[in-house]
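Trainee:
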Amino acid sequence: MKLEHIGIAVHSIQDSAAFYRKALGLEIFSEEEVPSQKVRVAFLKAGETFLELLEATSPDSVVARFIEKRGPGLHHLAFETSRISEKMEELKNLGFPLIDARPRIGARGHKVCFLNPKGTQNTLIELVEPHE
Ligand code: ZN
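Each number in this note's numbering corresponds to the 1-based position in the sequence shown with 769 added.
(1) Would you call residue 794 buried or exposed, if buried means 16 or more other Cβ atoms sit within 10 Å of its Cβ?
(2) Only counting runs of 4 or more residues, tell me where the alpha helix (DSSP H) segments fall wholly within the region 825-855, in order along the chain.
(3) Identify every residue that forms a DSSP beta bridge with residue 883.
(4) Among 820, 853, 896, which one has its Cα closest to the Cα of residue 798?
(5) Report the start-end ranges of each beta strand (DSSP E) in the region 770-827 that is 3 residues or longer and not cut off at the edges.
(6) Which residue's Cα is closest to the Cα of residue 881: 892, 854, 888, 865?
Written out as structure tokens, the structure reads:
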């Protein structure tokens with residue numbers, strides 16, 4: 770499966786994007802708020818893969834709680850699939866617990882779901898089915 774993006778929890782998209790621009794020449798490709806997740810996200814294009822900078826918009830957002838517990842940094846890996854529902858069913862049948870019972874609409878209008886990190890070597894994994 771293709772690594773579609775790497776999610777990074779940040780205090781400030783502005784500060785973080787400035788770092789990636791200055792150090793690595795990466796520019797913001799798109800930016801939006803995802804109210805259902807209480808986050809603002811910015812996608813930076815790094816070749817075939819994006820970096821997704823995640824900034825909490827509320828203290829009770831999962832990203833805010835993550836930063837509180839573990840500090841800013843690597844948050845999740847997102848893999849692309851063209852058939853997210855089938856892939857979810859397959860993972861469930863293999864005994865991997867999912868956080869989402871069904872796909873939901875995430876950033877960029879893509880269908881997404883998350884696997885429970887308890888079943889994935891403690892790394893949060895997202896599946897993404899791109900919106901055409
Ligand atoms: Zn993501």
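All residues carry an ideal CB built from backbone N, CA and C; glycine is no exception. In this text the structure is predicted, and so the values were computed from the model without any measurement.
Mentor: Here's the rundown:
(1) exposed
(2) 831-839
(3) DSSP, once it has assigned bridges, lists 895 as partnering residue 883.
(4) 820
(5) 772-778, 797-803, 808-815, 818-825
(6) 854
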